[in-house]
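What follows is one structure encoded as structure tokens, with my remarks underneath.
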Amino acid sequence: MKIKVLIVNVCVVVSGGFSACTQGVMEEVSMLADRNVNFNFDIVQTRTITDASNATAFVANDEVGIFGVANGSEAQLVADNLRYQYSGSEWNGEALTKPQNETMFYAYYPYDKSINDISFSFSVNENQEQGYNSSDLLFAAGSLDVANPQTVNFSFQHVLSLVEVTVSGLATDEKVTGVQMRALKTATVDLPAGTVTADVSERPVMITMQAIGGNKYRTVVPAQTLKANVTRFVVTTTHTVYQYVGQTDATLAVNGIQCFNVVLQNTLPVPETIYADLADLTQENIRVVGDIGDYYPSGNDDAKVPWANEWFDYIAGSSTDNRKVTIESGVLSVVTGDNNTTWYKDCVGMTVNGAPNDVYKLTFKAKNTTAEEGKGRLKVYVYSRNIGSNRIFQIKKDDEVDYSSSVDCNLSEVDQEYNLVVDFTKVYGGVGNADFVDDTSVLLSKSRERYSVIFCCYGTANARIDISEVKLEKRE
Numbered sequence: 012m013k014i015k016v017l018i019v020n021v022c023v024v025v026s027g028g029f030s031a032c033t034q035g036v037m038e039e040v041s042m043l044a045d046r047n048v049n050f051n052f053d054i055v056q057t058r059t060i061t062d063a064s065n066a067t068a069f070v071a072n073d074e075v076g077i078f079g080v081a082n083g084s085e086a087q088l089v090a091d092n093l094r095y096q097y098s099g100s101e102w103n104g105e106a107l108t109k110p111q112n113e114t115m116f117y118a119y120y121p122y123d124k125s126i127n128d129i130s131f132s133f134s135v136n137e138n139q140e141q142g143y144n145s146s147d148l149l150f151a152a153g154s155l156d157v158a159n160p161q162t163v164n165f166s167f168q169h170v171l172s173l174v175e176v177t178v179s180g181l182a183t184d185e186k187v188t189g190v191q192m193r194a195l196k197t198a199t200v201d202l203p204a205g206t207v208t209a210d211v212s213e214r215p216v217m218i219t220m221q222a223i224g225g226n227k228y229r230t231v232v233p234a235q236t237l238k239a240n241v242t243r244f245v246v247t248t249t250h251t252v253y254q255y256v257g258q259t260d261a262t263l264a265v266n267g268i269q270c271f272n273v274v275l276q277n278t279l280p281v282p283e284t285i286y287a288d289l290a291d292l293t294q295e296n297i298r299v300v301g302d303i304g305d306y307y308p309s310g311n312d313d314a315k316v317p318w319a320n321e322w323f324d325y326i327a328g329s330s331t332d333n334r335k336v337t338i339e340s341g342v343l344s345v346v347t348g349d350n351n352t353t354w355y356k357d358c359v360g361m362t363v364n365g366a367p368n369d370v371y372k373l374t375f376k377a378k379n380t381t382a383e384e385g386k387g388r389l390k391v392y393v394y395s396r397n398i399g400s401n402r403i404f405q406i407k408k409d410d411e412v413d414y415s416s417s418v419d420c421n422l423s424e425v426d427q428e429y430n431l432v433v434d435f436t437k438v439y440g441g442v443g444n445a446d447f448v449d450d451t452s453v454l455l456s457k458s459r460e461r462y463s464v465i466f467c468c469y470g471t472a473n474a475r476i477d478i479s480e481v482k483l484e485k486r487e
């Protein structure tokens, strides 16, 4: 019996090439040379690495996976994640007996031997500093060629979104050392449907971008919408760390390039909601700290500064066994300890990066769910330590005239909204100094001030205090 062998001709037409690419050249290569079969590879935008001209192409040692599905039924796989590797001049892989039934073939890059279905989960690398090409997901579909019934031509297409950041506004002696992007990293890939859908059930992560020269940085991520008013990029320089906050939503398209210009300034806009909506947070996203004094942002101790806006939970000794803070459906819950009269023992807080010199309103909802009405209390204050100087900013309730160093909120069993005012231009000269002073001359200097907004829960032992809908925004 003569056995017909199907040889897969990977005809690389990387469609759209992130929507900015030009036609490449036709190239004759040989696949499985020992069979003396020649195949045409239509190389368009020639690599999985995208260069300054946005051209794309496969390079030596790149690998693709191939599935074959007979009669449109997923149950009839005639090719199950076959691996093909490019040597730099030819493709080498497994031979496949030509199927007798009508068959659709699906190919994807980069190859993953663990994939065993035509629908699978794909995650980009969180660290793409050494090259985002290994995360650059491509796929294609094809059937047996009518003119050459032993050939399948694949036209590969980008199915992720390429993000490019250009950093400017550097000081003369300042250099960028790294850029990170906050985005969803995981998506569900459906090869027959030709779709890649970002997993919105997961929380965004910080992805380290690849430097491509000229203060430009790139990364690939699943198509998604980047929310406004939350941290979008973190830029680290030889001077300090900057936070870029998106002022409007940004939509990242499949097979598209989205460019952002990040201009470094002494003052960067504070997000409307700090770091992320509380609804986006999980227990793992809230940092545990054992010394609340050490966690105050410090301009001269980088190791103690959380560069992205984030929440923290103060626990003596940093033991998660003693953790008293939980989060569910956007509500932070704090269980107070036995020593309920010590106001600083049960605290949660959020860090703020680069708030400009201005007056802000701090709004939130809170309630005491387990104790007698009026017994649960919150003390709220804003603290900063910069260049060795401890500073507390003046704060008051919106309907009060006089500022103080903190605000006490008596809680009931029903959610109440609290409206506070924080003035980032008036601070204590130091802890213990009762007089507020105008500190704009040193506030937000080269160190780019960082702040902690701290909620201290006390007043009743073993009570549960709920905090939600926290916002810090410039006062009109």
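Take this note's numbering: the final residue in the sequence shown is number 487, and no numbers are missing along the way. Glycine included, every Cβ here is placed at the ideal spot set by N, Cα and C.
In terms of Cβ geometry, residue 412 and residue 370 do not form a close pair [threshold 8 angstroms]. For residue 134, the enclosing beta strand (DSSP E) begins and ends at 130-134.
Secondary structure at residue 144: helix, using DSSP grouped into helix, strand and coil. For the pair residue 251 and residue 153, the Cα-to-Cα distance works out to about 51 angstroms. Per the Cβ contact rule, the segment 159-166 is not in contact with the segment 192-212 (fewer than 3 Cβ pairs under 8 angstroms). If you look at residue 379, you'll find it in the beta strand (DSSP E) that goes 370-379. Looking only at 145, 139 and 94, the smallest Cα-Cα distance to residue 126 is reached by 94. Rounded to whole angstroms, residue 118 and residue 165 show a C-alpha spacing of 7 angstroms. With contacts defined as CB atoms closer than 8 angstroms, residue 230 and residue 87 fail to qualify as a contacting pair. Each of 242, 236 and 253 was checked against the Cα of residue 262, and the nearest Cα belongs to 236. As a beta-bridge residue in DSSP terms, residue 268 pairs with 173.
Judged by DSSP in its simplified three-state form, residue 72 adopts coil rather than helix or strand.
Taking C-alpha positions only, residue 137 is separated from residue 197 by approximately 10 angstroms.
DSSP, reduced to helix, strand and coil, places residue 166 outside both helices and strands of the structure shown, so it counts as coil. In the assembly as shown, residue 425 is an exposed residue. Its beta-carbon has fewer than 16 other beta-carbons within 10 Å. Separation of the CB atoms of residue 479 and residue 343 is rounded to 7 angstroms, and the pair is thereby assigned contact status at 8 angstroms.
A distance below 7 angstroms between beta-carbons, with the five flanking residues on each side excluded, links residue 297 to the following residues of its chain, in chain order: 322, 323, 324, 336 and 338. The straight-line gap separating the alpha-carbon atoms of residue 106 and residue 77 is approximately 12 angstroms. Annotation: the continuous beta strand (DSSP E) that includes residue 478 extends over 475-485. The alpha-carbon separation between residue 184 and residue 434 amounts to approximately 32 angstroms.
Just measuring C-alpha positions, the residue of 151, 170 and 356 sitting nearest residue 135 is 170. Within its own chain, the residues whose Cβ lies closer than 6 angstroms to the Cβ of residue 191, once the five positions on either side in sequence are excluded, are 217, 219 and 245, listed in chain order. DSSP places residue 387 outside any beta strand (DSSP E), giving it a letter other than H or E. Sequence-distant partners of residue 103 (beyond 5 residues in either direction) whose C-beta falls short of 6 angstroms from its own C-beta, in its chain, are 96. In this structure, residue 414 keeps its C-beta atom at 8 angstroms or more from the C-beta atom of residue 374. DSSP places residue 217 in the uninterrupted beta strand (DSSP E) bounded by 216-219. Here residue 258 carries a coil assignment [DSSP, helix/strand/coil].
Under the criterion of beta carbons closer than 8 angstroms, residue 346 and residue 475 qualify as touching, at roughly 5 angstroms. When the Cα atoms are used, residue 228 and residue 348 turn out to be separated by approximately 47 angstroms.
Within the DSSP secondary-structure output, residue 92 pairs in no beta bridge. Per the coordinates, the alpha-carbon of residue 378 lies some 5 angstroms from the alpha-carbon of residue 477.
In the DSSP annotation of this structure, the continuous segment of the beta strand (DSSP E) that includes residue 118 starts and ends at 114-120. Judged by DSSP in its simplified three-state form, residue 209 adopts strand.
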